[in-house]
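In our numbering, the protein residues as written are 755 to 1038.
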């Protein structure tokens, strides 16, 4: 087995500075992030469709945000195996578009999920369907909810909508690093978020695959992230205007379709970016 051990470079700067490295993902059977105390890793999984984000702590716990596309179960299982994931302490489903019941049931069973976090709407839907998960604590997140997920890592829900293209928009705070995982795209959510303090966002997960009209230039400038992440969708293409607006803020833009799986390893003061391009078969 070829095992890739990732050791973050030592930085002497006192500000959040990132560096990027790229590895050939196709030949790697396992990845050891070598997380030490006061370190976490956040990985945006390069699946063929849909969104899935893996958060790993130095305590060995894993959190999964969404489960990819409806037909990506095998891909998800393989990449979780590559990252050494045997159990998932918390599973977060951010909106109904990311709710696939078969996948949800399989993941809860296979990875011994202890806590399921979702919108109040999803929690109600699961209850009405009489779906019970033995030993799983089901927690609704609403606007204003705060929760400690790992030691040194906390989440805050900025918005939780039930309209079309809405869901949970939340930040993760790890020491000086702030990650904004945005799900919703609507005029109402933008009006709400423009009132929030978002000027210290390090990493921005762009909502709705950056499709047309999903994100305004005004909100992009308000967030002003160092790094932006765009997931791949089989149905939607990113709007070139949104990409331009992100780059115009000097944000470095990463695409799972282009860069593959994207891992960010955080220490108290710095972070490093690793990309693992996905090798796709050529049928030409």
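Glycine is no exception: its CB is placed at the ideal position from the N, C-alpha and C atoms. Just so you know, these numbers come straight off a predicted model, no measurement behind them.
With distances taken between CA atoms, residue 859 lies nearest to 887 out of 928, 887, 818, 841.
At a Cβ-Cβ threshold of 8 Å, residue 904 and residue 794 count as neighbours. Taking 8 Å as the cut-off, the beta carbon of residue 873 is found no closer than this to the beta carbon of residue 852. For residue 939, no alpha helix (DSSP H) run applies, since DSSP gives it neither H nor E.
Counting along the chain, residue 1005 sits inside no beta strand (DSSP E), nor does DSSP assign it H or E at all. Residue 806 carries a coil assignment under DSSP once its states are collapsed to helix, strand and coil. A contact between stretches requires three or more CB pairs, one per stretch, nearer than 8 Å, and the region 981-988 meets this requirement with the region 804-823.
Inclusion of residue 907 and residue 811 in the CB contact set at 8 Å is warranted, their separation being smaller than that value.
The beta-carbon separation of residue 915 and residue 942, rounded to 7 Å, stays under the 8 Å limit for a contact. Residue environment for residue 913: buried (at least 16 other C-beta atoms within 10 angstroms of its C-beta).
Around the beta carbon of residue 789, 16 or more other beta carbons lie within 10 angstroms, which makes this residue buried. Taken through DSSP and simplified to helix, strand or coil, residue 833 comes out as helix. Restricting attention to 968, 896, 919, 808, the CA atom closest to the CA of residue 877 is found in 896.
Setting aside the 5 residues that flank it on each side, residue 839 is surrounded in the same chain by 816, each with a C-beta closer than 6 Å to its C-beta; the list follows chain order. Going by beta carbons, residue 785 and residue 865 fall outside the 8 Å limit. Annotated as proximal: residue 982 and residue 1005, with beta-carbon spacing under 8 Å. Scanning its chain for C-beta atoms nearer than 7 Å, with the 5 sequence neighbours on each side dropped, one finds around residue 1003 the residues 974, 975, 978, in chain order. Less than 8 Å separates the beta-carbon of residue 862 from that of residue 890. Assignment of residue 983 by DSSP, reduced to helix, strand and coil, places it in the strand class.
With a 10 Å radius around the Cβ and a threshold of 16 neighbouring Cβ atoms, residue 883 comes out exposed.
The DSSP-derived three-state label of residue 864 is helix.
For residue 919, DSSP assigns no beta-bridge partner whatsoever. When the five nearest sequence neighbours on each side are left out, the beta carbons in the same chain lying within less than 6 Å of the beta carbon of residue 842 are those of 816, 818, 865, 867, in order along the chain. Counting along the chain, residue 971 sits inside the alpha helix (DSSP H) bounded by residues 971-977. In this structure, DSSP gives residue 959 an extended state, which the three-state scheme calls strand.
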